[in-house]
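In my numbering, the protein residues as written are 8 to 260.
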């Protein structure tokens, strides 16, 4: 077994449960760190060596980025190690799942969020993105499923497998043309194959903000009707119903 950037004692990890299957047929398992005085749990994500070729690039990229960032609104990374049959990444455990699951539950319950809660969650994501962009990192796949919720009900940005570290002196000068991400949250310039930069992360942030307010995606109906995601720029998104939900008018701007 070889180790790279390992800031945790593996011998002190006690298996607790398997959270499910991960990428490329691997597993995502929950462990308890016996050496941790606060008895916190951690997650080990395993990716088999027999995964598709691009899996190694994804793992390497995520490891590279996570090992260079340190922010309370970004999922904490403890290290990377290899076994005889897999790559393994260790991160903190987000007790309350992801934002997509949270929004789905709230929608089923018809329980809209207050303006205070909406703005708190929005600020969490905005702070994480600001930190990344200052370090010339574009996430490129911001969506509720990639935003986790910790024990304090704060958000943490995760899943950096398709993120990009810009190499130019100025982030504004770094332009990309690779179409990556999730269509429903993809900025129009990305979806249309045009050049884009870090500002492409701002579009999905706005989409998620609308979801926090209204518990629904602003473009999902048009998307399901067959319109290409890049065509979203041809119409204005629906307005947030401030009066109905007790929001101030500032929420529309």
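Yeah, the Cβ is synthetic: ideal placement off N, Cα and C, and Gly gets one too.
Practice prompt. For residue 59, count neighbouring Cβ atoms within 10 angstroms of its own Cβ and tell me buried if that reaches 16, exposed if not.
Written response: Along the chain shown, read from residue 1 onward, the residue named residue 59 stands at position 52. By the 10 Å Cβ count, residue 59 comes out exposed.
Discussion item. Checking the sheet assignment: what are the DSSP bridge partners for residue 48?
Written reply: Taking the chain shown and counting its residues from 1, the one referred to as residue 48 is at position 41. In the DSSP output, where bridge partners are listed per residue, residue 48 has 39.
Worksheet item: CB residue 93 to CB residue 54, shorter than 7 Å?
Response: Start at 1 with the first residue of the chain shown, and residue 93 comes out as number 86. Start at 1 with the first residue of the chain shown, and residue 54 comes out as number 47. Yes. Within cutoff.
Practice prompt. Compute the Euclidean distance between the alpha carbons of residue 78 and residue 63, then round it to the nearest angstrom.
Written response: Your numbering for residue 78 matches position 71 in the chain shown. Your numbering for residue 63 matches position 56 in the chain shown. For residue 78 and residue 63, the distance between alpha carbons rounds to 25 Å.
Worksheet item: Hey, out of 73, 99 and 85, whose CA is closest to residue 139's CA?
Response: Here residue 139 refers to the residue found at position 132 of the chain shown. Per the Cα distances, 73.
Practice prompt. With a threshold of 16 other CB atoms inside 10 Å of the CB of residue 61, please say whether the residue is buried or exposed.
Written response: Locating residue 61 in the chain shown gives position 54, where the first residue counts as 1. With fewer than 16 other Cβ atoms within 10 Å, it is exposed.
Worksheet item: Between the region 89-106 and the region 206-213, do at least 3 Cβ pairs fall closer than 8 Å?
Response: no
Fill in: The alpha helix (DSSP H) enclosing residue 109, as first and last residue numbers
Counted from its first residue, the chain shown places residue 109 at position 102. Residue 109 -> alpha helix (DSSP H) spans 106-116.
Practice prompt. May I ask you to list the residues that DSSP assigns as paired with residue 22?
Written response: Sequence index remark: in the chain shown, residue 22 carries index 15 (1-based). In the DSSP output, where bridge partners are listed per residue, residue 22 has 38.
Worksheet entry | Cα-Cα separation between residue 177 and residue 144, rounded to whole angstroms | Along the chain shown, one-based indexing puts residue 177 at 170. Along the chain shown, one-based indexing puts residue 144 at 137. The predicted position of residue 177 is uncertain, since its pLDDT is 48 and thus under 50; no value can be drawn from it.
Worksheet item: Would DSSP call residue 207 helix, strand or coil?
Response: For this step, residue 207 is matched to residue 200 along the chain shown. Helix at residue 207.
Worksheet item: How many Å lie between residue 113 and residue 215 at the Cα?
Response: Reading the chain shown from its first residue, position 106 is the one you call residue 113. Reading the chain shown from its first residue, position 208 is the one you call residue 215. Near 14 Å, if we compare the C-alpha coordinates of residue 215 and residue 113.
Worksheet entry | C-alpha gap between residue 126 and residue 157, whole angstroms | One-based indexing of the chain shown puts residue 126 at position 119. One-based indexing of the chain shown puts residue 157 at position 150. The alpha-carbon atoms of residue 126 and residue 157 are separated by roughly 17 Å.
Worksheet item: How is the beta strand (DSSP E) around residue 222 delimited, first residue to last?
Response: Within the chain shown, numbered from 1, the residue matching residue 222 stands at position 215. Run containing residue 222: none; DSSP gives neither H nor E here.
Worksheet item: Looking at residue 80 and residue 131, is the spacing between their C-beta atoms short of 7 Å?
Response: Taking the first residue of the chain shown as 1, we reach residue 131 at position 124. Taking the first residue of the chain shown as 1, we reach residue 80 at position 73. It is a contact, given that the beta carbons lie within the stated cut-off.
Fill in: Cα-Cα separation, residue 137 to residue 248
Walking along the chain shown from the start, residue 137 turns up at place 130. Walking along the chain shown from the start, residue 248 turns up at place 241. So the two alpha carbons sit approximately 28 Å from each other.
Fill in: residue 99 (DSSP reduced to helix, strand or coil)
Walking along the chain shown from the start, residue 99 turns up at place 92. Strand.
Practice prompt. Identify, in the order they occur along the chain, each residue of the same chain with its Cβ nearer than 7 Å to the Cβ of residue 51, setting aside the five sequence neighbours on each side.
Written response: The residue labelled residue 51 in the question sits at position 44 within the chain shown. The residues are 36, 38, 95 and 97.
Fill in: Option in 188, 192, 133 and 171 with minimal Cα separation from residue 161
Walking along the chain shown from the start, residue 161 turns up at place 154. Among 188, 192, 133 and 171, the Cα nearest to that of residue 161 is on 133.
Worksheet item: Shortest alpha-carbon distance to residue 25 belongs to which of 33, 18 and 19?
Response: Along the chain shown, read from residue 1 onward, the residue named residue 25 stands at position 18. Nearest of 33, 18 and 19 to residue 25, Cα basis: 33.
Worksheet item: Using the beta-carbon count (16 or more within 10 Å), is residue 21 buried or exposed?
Response: For the purposes of this step, residue 21 is taken as the residue at position 14 of the chain shown. Exposed, by the Cβ-count rule.
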